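Participant:
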C-alpha cells in the first residue's frame, strides 16, 4: 500500500515538473503598445481626418514577414495611423503564412487584415470562402484609384469586385552584374536580346577554359524550388509574345502547352540549358536545380560568372560589405527586350485584404493604400529593400539605388508592367506544377513540350 | 484579474505557473482519492479514465479520419461528389505514380535492410568486450531528430564542381579516388536510394537494440545443446538464433515499415520531393497545404492509411503472439 502511495506521489511530482517546464516556456510576447495618447499636431494628422476617431479600437494584422528585423519597419509604419486615430494595430508574422491563413479563415479565426503575397491566393480565398473576405471600403477604393495605376486595382480584384489594396512592389526584370568586370573587359550593357546573346557568346569565347561562364542561376528554394525558373519563363513570354498573349496565358484563355508558350520555354532554354552559358562557378546546367536562389548570384563576386537574372530584392543577398550601385561592386541592368522600343516589366507585390467588416479595419486598409503610409513605410525602412507603386511615394525617401531604379521603371510611362504570372495562376499550377515541372526541365532534362503538357494537365477544372 | 489570462511581468507569470501547478495537483489528488473509495460503483472510475481517451480519439482521430475519407471523394471545395476521380488521377498521373513507386521502394528496402543490419550487428557484438560502446555507436542516430539527420546527410551529399574544394564527405571521397564528384540527390532513381540510406541509418539502431535484447533472452541451454550437437558459426545463426528471435524480428520489421510509410521529414528536408523523390507522406502535405488541392491530399492520405492498416494489424497480432509465448 505504502509503495503504491509513493508511486502515485512520484507520478504527481513528475507531472508537476512537466507542467512547470511548459509554463516556463510559454512566455507570451508583450503586445506592441499603441501610444495613442500623444497630442499630435492637427497639421500632421490632417490627412487622417477621414478615418475618424478610433480610440480604443484594435486591428489585428497577419503577414508572412516574421523576422524581427523585417517586421519592425512594418510595425513602425503604422505609428502615424495609431497616433492620429487612436487605434491600436496588433502585428503578427508567420513563416507558415500561406498554409496558416486558409486554416484560420476556415476555423473562424481570421485576422482583421492580412498581407497576401499572391493575387492567385486572393482569388482562391475569395472563391472558397464566400463572404469571408470583405470588399474594400469607399475610402480604400478612392485611394487606390487616385494613387495607383489601374492595373494594380485589377490585381486586387476578383470576379469584378475589388478586395485588396496594393502595399509593396518589386521589379523582377533585372540582370545583376559587376560594373568593374564589365569595364575591365570593355563589355557594354546590352539593350536588346540579341546583344545580350552576342555578349554571352563573347564571354564564352574569351574564357576557353570554361571556368568562367556568362551566366549563373539557381532555383532551389526549399518547398518553393523552381520559382526563379518560372520568373525566367514569364519575362521571356512578355518579350517574345507581348503583354496581350501573356494575359491570355495567365488567365488560361490559351492553353499552357500552346506552341507560343513552348517557344518561350525553349528560348529560356537557350540560356538556362546551355552548358556553355551556365552555371558559372557552380558546375553544369543541372547544378541550377540544387543551387539555392539566395546564393546563385554570388559567383559574380568571385569573377566566375558575369550575369545573374534576379529581382530587385536580391540586393539583400549580396552580403556585408558589398556595395550595390552603379559605381559599386554589383549593379543591375534591365533585362533587355527583343528590340529596344518595347519595355515590358515583370514584377510582383503584396496586397492587404480584410476579413472583418468594422470601420476601424476599413480605415486601416484605406491608410495602407494612402501616400501617407507608403512614405511612412519608406521612412521606417532606413536600410531600404522596399518600395510600393504608389504614385505619391517620394523617391528621395528610397535609400537603395536599386529601389530608386525599380521605382523609376515602375513609373516609366513607356514601361508595360505585368504581374508575376505564377502568382496569378491557381496555386495548383502557380505554386505547384509550374515550379515542379520547371525543376524537372532543368534537373531531369525533360523537353519543353513535355513540361508544358504536364502543367496544362494539372490546371484545375474550376 | 485579467492578468491571469494575459500575464506580462515576471511575478505575474510565476503566480500563474504556481496556480496552474496547484490546480493540477488538486485534480490529480482528487482523482487518486476518488479511485481509492471502495464504495464507489466500478463504472465511475472506469468512465473517468476511459472517457477522456474515448473522447479524444473520437474527435481527434476518428472524426477527422472520416472527414478525410469523405473529402477524398469530393471536389476541391468539397461541394460536389466526384466519386473515384481523385483516386483515378493519382493512379494515372505520371507524377503521382512515381510517388507511389517511390513509397513502395522505401517500404521494401528500409525495414529489410535496417533489420538485417541490426540483427547481424547485434549478433556480432553480443557478449564481446566492446559491446556497450559498439551498441551506443549504432544507437546514437536514433537520438537525433529526423530533420537533424537529414540536414547532416544533406551536407554529406553536398556537391561542388570538381574545380572547387568539396564540402561534402561523399564527393571528397570520390575526388580522393580520382573520380568526378556526383550530384547524389539529383539523378533518379539513385537519389531515392540515397534518401533511403538516411532512413536506414536512423532505424538500424532501433532494430539492433530490440533484437539484441531478444538474443540475450534465448535460454543458454538451447545454445549449449546446439553446440553439443556440433552446430557453430553461420549454422548456429541461421538455425538457432534467427528462429528463436523470429517474433522480435517481425515486430521490428513491421514497426520500421510503419515508420517508413509515415516518413515525411527526410524527403521534405533533403529534396522537398523534387527530382522524382517524393513519397506519399510528403506529397499529401504538399498537395493539401502548398498547392491548395486538399481533395488529392485526402485521397493520398487514405491510400497511405490503406497501405499501413494491414501492417499494423499484423504487428499487433505478432506482438500478442510473442507476449503469449513468455
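Residue numbers (the numbering used here), protein chains in the order written: chain A, 217 to 678; chain B, 713 to 1038. Yeah, the Cβ is synthetic: ideal placement off N, Cα and C, and Gly gets one too. No experiment lies behind these values; they were computed from the predicted model shown.
Helix or strand or just coil, what does DSSP make of residue 953/B?
Facilitator: On the second chain, position 241 is the one that residue 953/B refers to. Helix.
Participant: Which of helix, strand or coil does DSSP assign to residue 380/A?
Facilitator: Indexing the first chain from 1 puts residue 380/A at position 164. Correct three-state label for residue 380/A: coil.
Participant: Considering residue 290/A, what are the terminal residues of the alpha helix (DSSP H) in which it resides?
Facilitator: Translated into the one-based positions of the first chain, residue 290/A becomes position 74. Element bounds for residue 290/A: 284-293.
Participant: Among the residues of its own chain, which have a CB less than 6 Å from the CB of residue 444/A, if the five just before and after it don't count?
Facilitator: Taking the first residue of the first chain as 1, we reach residue 444/A at position 228. Counting only Cβ-Cβ distances below 6 Å, and skipping sequence neighbours, we find 435 and 509.
Participant: Mapping the DSSP letters down to three states, classify residue 987/B as helix, strand or coil.
Facilitator: Looking up residue 987/B in the second chain gives position 275. Reduced to three states, the DSSP call for residue 987/B is coil.
Participant: Taking the alpha-carbon positions, what's the residue 852/B to residue 861/B distance?
Facilitator: Residue numbering aside, residue 852/B sits at position 140 when the second chain is read from its first letter. Residue numbering aside, residue 861/B sits at position 149 when the second chain is read from its first letter. The straight-line gap from Cα to Cα measures roughly 11 Å.
Participant: Can you pull the chain B neighbours of residue 643/A, defined as C-beta to C-beta under 9 Å?
Facilitator: Against the first chain, residue 643/A aligns to sequence position 427. Per Cβ cutoff of 9 Å: 1002, 1003, 1004 and 1005.
Participant: Short of 7 Å in beta carbon distance, which residues of its chain neighbour residue 600/A, apart from the five on each side in sequence? Order them along the chain.
Facilitator: As a working mapping, residue 600/A is identified with position 384 in the first chain. Once the five neighbours on either side are set aside, the close Cβ partners of residue 600/A are 614, 615, 616 and 619.
Participant: In the stretch 550-638 of chain A, which residue ranges form an unbroken alpha helix (DSSP H) of at least 4 residues, counting only runs that do not cross its ends?
Facilitator: Entirely contained in the stretch 550-638 of chain A, the alpha helix (DSSP H) runs reaching 4 residues are, in chain order, 575-584, 587-595 and 617-627.
Participant: For the beta strand (DSSP E) that contains residue 309/A, what are its first and last residues?
Facilitator: Counted from its first residue, the first chain places residue 309/A at position 93. First-last of the beta strand (DSSP E) with residue 309/A: 304-309.
Participant: From residue 318/A to residue 782/B, what distance separates their C-alpha atoms?
Facilitator: For this step, residue 318/A is matched to residue 102 along the first chain. For this step, residue 782/B is matched to residue 70 along the second chain. Cα-Cα distance, rounded: 20 Å.
Participant: What is the rounded straight-line gap between the Cα of residue 335/A and the Cα of residue 372/A?
Facilitator: As a first step, residue 335/A is located in the first chain; it is residue number 119 there, counting from the start. As a first step, residue 372/A is located in the first chain; it is residue number 156 there, counting from the start. Answer to the nearest angstrom: the Cα atoms are 6 Å apart.
Participant: Find out if the Cβ-Cβ distance for the pair residue 979/B, residue 972/B is shorter than 8 Å.
Facilitator: Position 267 of the second chain, counting from 1, holds the residue named residue 979/B. Position 260 of the second chain, counting from 1, holds the residue named residue 972/B. No, the pair does not count as a contact, with Cβ atoms beyond the cut-off.
Participant: Less than 8 Å between the CB atoms is what I'm expecting for residue 359/A and residue 586/A, so what's the real figure, rounded?
Facilitator: Here residue 359/A corresponds to residue number 143 of the first chain, with the count starting at 1. Here residue 586/A corresponds to residue number 370 of the first chain, with the count starting at 1. 5 Å between Cβ atoms; contact.
Participant: Kindly list the residues whose CB is nearer than 6 Å to the CB of residue 656/A, restricted to its own chain and excluding five residues on each side of it in sequence; keep chain order.
Facilitator: The residue you call residue 656/A lines up with position 440 of the first chain. Cβ within range, chain order: 662.
Participant: Tell me, which residues are paired with residue 436/A by DSSP?
Facilitator: What you label residue 436/A is simply residue 220 of the first chain in a count that begins at 1. In the DSSP output, where bridge partners are listed per residue, residue 436/A has 508/A.
Participant: Roughly how many angstroms lie between the CA atoms of residue 250/A and residue 329/A, to the nearest whole one?
Facilitator: Mapped onto the first chain, residue 250/A falls at position 34. Mapped onto the first chain, residue 329/A falls at position 113. Model confidence at residue 250/A stands at a pLDDT of 41, short of 50, so the residue's coordinates are unreliable and nothing is read from them.
Participant: Once you ignore the five residues that flank residue 239/A on each side, which residues in its own chain have a CB closer than 8 Å to its CB?
Facilitator: Stepping through the first chain from its first residue, residue 239/A is reached at position 23. For residue 239/A, the pLDDT reaches just 42, beneath the cut-off of 50, and the residue's location in the model is therefore unreliable, although a value from the coordinates is still provided. Nothing listed; no residue qualifies.
Participant: For residue 1020/B, does the three-state DSSP call read helix, strand or coil?
Facilitator: Start at 1 with the first residue of the second chain, and residue 1020/B comes out as number 308. The answer is helix: DSSP assigns residue 1020/B an H, G or I state.
Participant: Have a look at residue 414/A and residue 609/A and give me their C-alpha separation to the nearest angstrom.
Facilitator: To locate residue 414/A, count along the first chain from 1; it is residue 198. To locate residue 609/A, count along the first chain from 1; it is residue 393. If you take the alpha carbons of residue 414/A and residue 609/A, they lie about 38 Å apart.
Participant: Would you mind sorting residue 667/A into buried or exposed? The rule is 16 or more other CB atoms within 10 Å of its CB.
Facilitator: Your numbering for residue 667/A matches position 451 in the first chain. Residue 667/A comes out buried.
Participant: Which value, in whole angstroms, describes the spacing of the CA atoms of residue 529/A and residue 388/A?
Facilitator: Locating residue 529/A in the first chain gives position 313, where the first residue counts as 1. Locating residue 388/A in the first chain gives position 172, where the first residue counts as 1. Each residue's Cα considered, the two are about 8 Å apart.
Participant: Please decide whether residue 344/A counts as near chain B, where near means a Cβ-Cβ distance under 8 Å.
Facilitator: Taking the first residue of the first chain as 1, we reach residue 344/A at position 128. Output row for residue 344/A: interface = yes.
Participant: Across which residues does DSSP place residue 313/A in a beta bridge pair?
Facilitator: Along the first chain, one-based indexing puts residue 313/A at 97. BP columns for residue 313/A are empty, so no partner.
Participant: So what's residue 669/A in DSSP terms, helix, strand or just coil?
Facilitator: Residue mapping note: residue 669/A aligns to position 453 of the first chain, counting from 1. Helix at residue 669/A.
Participant: Is the separation between the beta-carbon of residue 787/B and that of residue 1011/B shorter than 8 Å?
Facilitator: On the second chain, position 75 is the one that residue 787/B refers to. On the second chain, position 299 is the one that residue 1011/B refers to. Contact flag unset, no.
Participant: Who are the neighbours of residue 897/B on chain A, taking C-beta pairs under 8 Å?
Facilitator: For the purposes of this step, residue 897/B is identified with residue 185 of the second chain, where counting begins at 1. Under the 8 Å cutoff, chain A gives 506.
Participant: If we define contact as Cβ-Cβ less than 8 Å, is residue 375/A a contact residue for chain B?
Facilitator: In the first chain, residue 375/A corresponds to position 159, counting from 1. No - not a single Cβ of chain B is within 8 Å of the one on residue 375/A.
Participant: Quick check: residue 1053/B and residue 1008/B, are their CB atoms within less than 8 Å of each other?
Facilitator: No answer is possible for residue 1053/B: the residues shown for chain B start at 713 and end at 1038.
Participant: Taking Cβ-Cβ distances shorter than 7 Å, what residues in chain A pair up with residue 789/B?
Facilitator: The count along the second chain starts at 1 and reaches residue 789/B at position 77. Neighbours of residue 789/B on chain A, chain order: 344.
Participant: May I ask you to report which of helix, strand or coil DSSP gives residue 927/B?
Facilitator: Residue mapping note: residue 927/B aligns to position 215 of the second chain, counting from 1. If DSSP states are grouped into helix, strand and coil, residue 927/B belongs with the helices.
Participant: Under 8 Å, CB to CB, which of the residues in the stretch 296-315 of chain A have a partner in chain B?
Facilitator: Residues passing the 8 Å Cβ filter: 314 and 315.
Participant: Identify whether residue 405/A lies in helix, strand or coil by the three-state DSSP scheme.
Facilitator: On the first chain, position 189 is the one that residue 405/A refers to. Correct three-state label for residue 405/A: coil.
Participant: For residue 986/B versus residue 441/A, is the C-beta spacing smaller than 8 Å?
Facilitator: Mapped onto the second chain, residue 986/B falls at position 274. Mapped onto the first chain, residue 441/A falls at position 225. Yes. Within cutoff.
Participant: Which stretch, first to last residue, makes up the beta strand (DSSP E) that contains residue 888/B?
Facilitator: By 1-based counting over the second chain, the position of residue 888/B is 176. Unbroken run through residue 888/B is the alpha helix (DSSP H), 881-888; no beta strand (DSSP E).
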